[in-house]
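Q:
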Amino acid sequence: MGKGKVKNYFRGVMWELKHVSWPSRQNALQATKVVILSTIVFAVVLGIVDFLLVKGIFFLF
Numbered sequence: 000m001g002k003g004k005v006k007n008y009f010r011g012v013m014w015e016l017k018h019v020s021w022p023s024r025q026n027a028l029q030a031t032k033v034v035i036l037s038t039i040v041f042a043v044v045l046g047i048v049d050f051l052l053v054k055g056i057f058f059l060f
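Per numbering that gives the first Met the number 0, residue 0 is the first one in the sequence shown, and the count goes up by one each step.
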């Protein structure tokens, strides 16, 4: 990759970043809360399923 291509690439990146529609701080915080809460709920459900499967396997064998 030549110097001109690298310069052109970063010029394109900067152009794209200027045209991005960024979320407001409130929207970003709300989305972050949803992701964190969803992750916690999913982890708890997965932990319960894992626990039950292990108990079931030990019960069978």
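For each residue, glycine too, the CB sits at the ideal point set by N, CA and C. All values reported here derive from a predicted model rather than from experimental measurement.
Excluding sequence positions up to five away, which residues of its chain have a Cβ less than 6 angstroms from the Cβ of residue 22?
A: The sequence position of residue 22 within the sequence shown is 23, counting from 1. None.
Q: What's the gap between the Cα of residue 5 and the Cα of residue 20?
A: Residue 5 sits at position 6 when you count from the first residue of the sequence shown. Residue 20 sits at position 21 when you count from the first residue of the sequence shown. Each residue's Cα considered, the two are about 25 angstroms apart.
Q: Whole angstroms are fine: how far does the CA of residue 43 sit from the CA of residue 12?
A: Translated into the one-based positions of the sequence shown, residue 12 becomes position 13. Translated into the one-based positions of the sequence shown, residue 43 becomes position 44. Cα to Cα, residue 12 sits roughly 40 angstroms from residue 43.
Q: Looking at the secondary structure, which residues open and close the alpha helix (DSSP H) in which residue 14 lies?
A: The residue you call residue 14 lines up with position 15 of the sequence shown. Where residue 14 is concerned, the enclosing alpha helix (DSSP H) stretches over 2-17.
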